Amino acid sequence: MKPDPAILRRLQRLERVREVARRSAAMQMAEAEGTLGQLLTLRDRTRDMAGGYRTAEAGMEGGDLRRITAFVDGVGRLTRQTEQDIDIARSRADARRGELLTADRRLSHVSERVEAQRKALSAEKPAEASARRRNWHRT
């Protein structure tokens, strides 16, 4: 590839776009991981709550037992629904992690191309002396 300053500028713009895409993917992954963490905490709390009420059933009679059993069954349904939500959130978090890895690879590739273009441009033309230094004998 022939060294060209226009190509370098275009690659630098593309590098900035890729950096924005990587940041966006990182934010989305963090949100998905946060949601997953909240759901895991909710599941654990509902399990603990249901377990606490199950131990209280032993000394109850009649209507109280029926109400507590219905409540514990409702909490169990919540726990099962939360488990399904956890599976969905886990798959979303995995997908977001994959998107972040893809964005990192794309950014890395463009950064390498920018660096190669910079090296090619600097190798093509020697460092120019300032006009003052270059024309010192024509004063």
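Just so we're aligned, residue 7 is where the sequence shown starts under the working numbering, counting upward by one. For each residue, glycine too, the CB sits at the ideal point set by N, CA and C. It should be emphasised that the depicted structure is a prediction, and the values quoted were computed from it without experimental measurement.
Exercise for the section: Compute the Euclidean distance between the alpha carbons of tyrosine 59 and glycine 40, then round it to the nearest angstrom. Expected result: 29 Å
Practice task
Answer yes if the stretch 98 to 108 comes into contact with the stretch 25 to 34, meaning at least three C-beta pairs across the two stretches below 8 Å, and no otherwise.
Solution key: yes
Exercise for the section: Ignoring anything shorter than 4 residues or poking outside the stretch 80 to 144, list the alpha helix (DSSP H) runs there in chain order. Expected result: 137 to 140
Practice task
Report the three-state DSSP secondary structure of proline 9 (helix, strand or coil).
Solution key: coil
Practice task
Would you kindly check if the distance between the Cβ of leucine 20 and the Cβ of valine 116 is under 7 Å?
Solution key: yes
Problem - Beta-carbon spacing of leucine 17, glutamine 90 below 7 Å - result: no
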